[in-house]
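Just so you know, the sequence shown maps onto residues 1 to 286 in UniProt numbering. Even glycine gets a Cβ: it sits at the ideal position worked out from N, Cα and C.
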Amino acid sequence: MKNEGDSSSLAANRTMVAHMRTLLWKNYTLNRRHLLATVFEIALPCIFVLLLGALKHLVDDVDVPAGWSDTTNSENDDTVGTTYNLYDPTGFSLSVVPTELPKWTQQSVADGMKLNELSTSSYKICTTGVAMYGHVDRNASSESSVPTECDGRVVPYKIAVVPDNTFSREYFMQTMELWYPRVSILNQSNSLQFASLSESVAFFDSEEALEAYVKGKTYGSSLDNPKIYGGIVFDKHPSSDEIGSFSSIEYTLRLNSTETNSGALGLILLRTATLPLYEWIATADQ
Numbered sequence: 001m002k003n004e005g006d007s008s009s010l011a012a013n014r015t016m017v018a019h020m021r022t023l024l025w026k027n028y029t030l031n032r033r034h035l036l037a038t039v040f041e042i043a044l045p046c047i048f049v050l051l052l053g054a055l056k057h058l059v060d061d062v063d064v065p066a067g068w069s070d071t072t073n074s075e076n077d078d079t080v081g082t083t084y085n086l087y088d089p090t091g092f093s094l095s096v097v098p099t100e101l102p103k104w105t106q107q108s109v110a111d112g113m114k115l116n117e118l119s120t121s122s123y124k125i126c127t128t129g130v131a132m133y134g135h136v137d138r139n140a141s142s143e144s145s146v147p148t149e150c151d152g153r154v155v156p157y158k159i160a161v162v163p164d165n166t167f168s169r170e171y172f173m174q175t176m177e178l179w180y181p182r183v184s185i186l187n188q189s190n191s192l193q194f195a196s197l198s199e200s201v202a203f204f205d206s207e208e209a210l211e212a213y214v215k216g217k218t219y220g221s222s223l224d225n226p227k228i229y230g231g232i233v234f235d236k237h238p239s240s241d242e243i244g245s246f247s248s249i250e251y252t253l254r255l256n257s258t259e260t261n262s263g264a265l266g267l268i269l270l271r272t273a274t275l276p277l278y279e280w281i282a283t284a285d286q
């Protein structure tokens, strides 16, 4: 039985080799009979590769700096990458910024109370620090804290995070801080800056505590009582022992349903209206 199996395998190999030899001879014969087509089949790809390489050498290499580029050399130098920033160069308009965080700082200043009572220098430090440099941190020891010149007249907007526990602080916020750090737009000491997400949040123990806060009389009255633009409520999350392992997370996004005169949401103090103070927007499972 063993000898018969070896003989069958050997015969199959010989048959395959014979077929390959026949196919190779057939291709060789066809290519020899159509010599011009064979030459073009081989030469054309090589010619196009050489042509692309030659064209590449006719174009100057463009140096694109890492991060935000603020160089002005690109106006007369084709080897320097085109420069962009997030602001409209004709007037530093925030209308072209595809994010909300920097807009909140300007709105905080616009909503400021009794700013006209400040001296000229204090007014400049307060408004510039919040609106342009993103100094919205409530921690007085932070380099990005709200300027003392504001003296409670400017109250930044925050994102509410519920609940206040190990998961939300040491896992969720530390992860989000990697994605949304403080950003300096230009490579200058007086550059416009976006506050980091960690500087723009307020923690609450429970959803009931959040609702009680936004309905309370102290809402939006001081740095310790910031305005809330929206919030994320973790309905189901890992316990301290489960962090780092596979676990189901359920959360709800809540947005301020208060409307301004222009129809924007969440940009003024909450008021009595036919709409609920807070609206359930979406519930998602992850």
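I'd like the list of long-range same chain contacts for residue i, defined as Cβ closer than 8 Å, with 5 residues on each side in sequence excluded.
i      : result
Arg182 : Gly134, Ser144, Gln193, Phe194, Ala195, Ser196, Glu199
Met173 : Val161, Leu197, Ser198, Val201
Ile125 : Pro147, Glu149
Arg169 : Phe203
Ala54  : none
Leu51  : none
Ser245 : Pro238
Whose CA, out of the options, lies closest to the CA of residue i?
i      : options                       : result
Gly129 : Ser141, Asn116, Thr148        : Thr148
Gly231 : Ala160, Ala54, Leu52, Tyr28   : Ala160
Thr120 : Cys150, Arg169, Glu211        : Cys150
Val214 : Arg32, Phe246, Thr175, Arg254 : Arg254
Asp241 : Gly216, Phe167, Lys217        : Phe167
Asn256 : Phe246, Lys158, Pro45         : Lys158
Thr105 : Asp60, Ser122, Thr22, Met132  : Met132
Val136 : Glu207, Asn225, Lys56         : Asn225
Glu207 : Gly216, Val17, His34, Val233  : Val233
Thr175 : Leu36, Ile243, Ile47, Arg14   : Ile243
Under 6 Å Cβ to Cβ from residue i, same chain only, skipping five residues before and after it: list those, please.
i      : result
Arg138 : Leu223
Lys114 : Arg153
Leu31  : This sequence places Asn at residue 31; Leu is not what is there. Counting only Cβ-Cβ distances below 6 Å, and skipping sequence neighbours, we find Thr38.
Could you spell out the range, first to last residue, of the beta strand (DSSP E) harbouring residue i?
i      : result
Thr157 : Correcting the residue type first, residue 157 is Tyr in the shown sequence and not Thr. Tyr157 -> beta strand (DSSP E) spans 157–162.
Gly230 : 227–236
Ala140 : Note, Ala140: premise wrong, no beta strand (DSSP E); not H, not E.
Leu255 : 250–256
Val201 : 201–203
What does a CB cutoff of less than 7 Å around residue i pick up in its chain, not counting 5 residues either side in sequence?
i      : result
Asp164 : Phe203, Phe204, Asp205
Ala140 : none
Ala264 : With a pLDDT of 47 at Ala264, under the threshold of 50, the modelled position of that residue is not reliable, and the figure given next carries that caveat. So no residue of the chain qualifies.
Pro184 : Residue identity check: residue 184 is Ser in the sequence provided, not Pro. Cβ neighbours of Ser184 beyond the five flanking positions: Ser191, Gln193.
Thr22  : none
Just curious, the alpha helix (DSSP H) that residue i is in, first and last residue?
i           : result
Gly53       : 35–58
Leu210      : 207–215
Ala131      : 120–131
residue 308 : A question about residue 308 goes unanswered here, because the residues of the chain that appear run from 1 up to 286.
CB of residue i to nearest heavy atom of the ligand NAP: below 8 Å?
i      : result
Ser198 : Summarising the ligand content, the structure contains no ligands, and the ligand NAP is consequently not present.
Handout entry: Sufficient close CB pairs (3 or more, under 8 Å) joining the segment 100–118 to the segment 152–159
Key = Here the segment 100–118 makes contact with the segment 152–159; the two share three or more CB pairs at distances below 8 Å.
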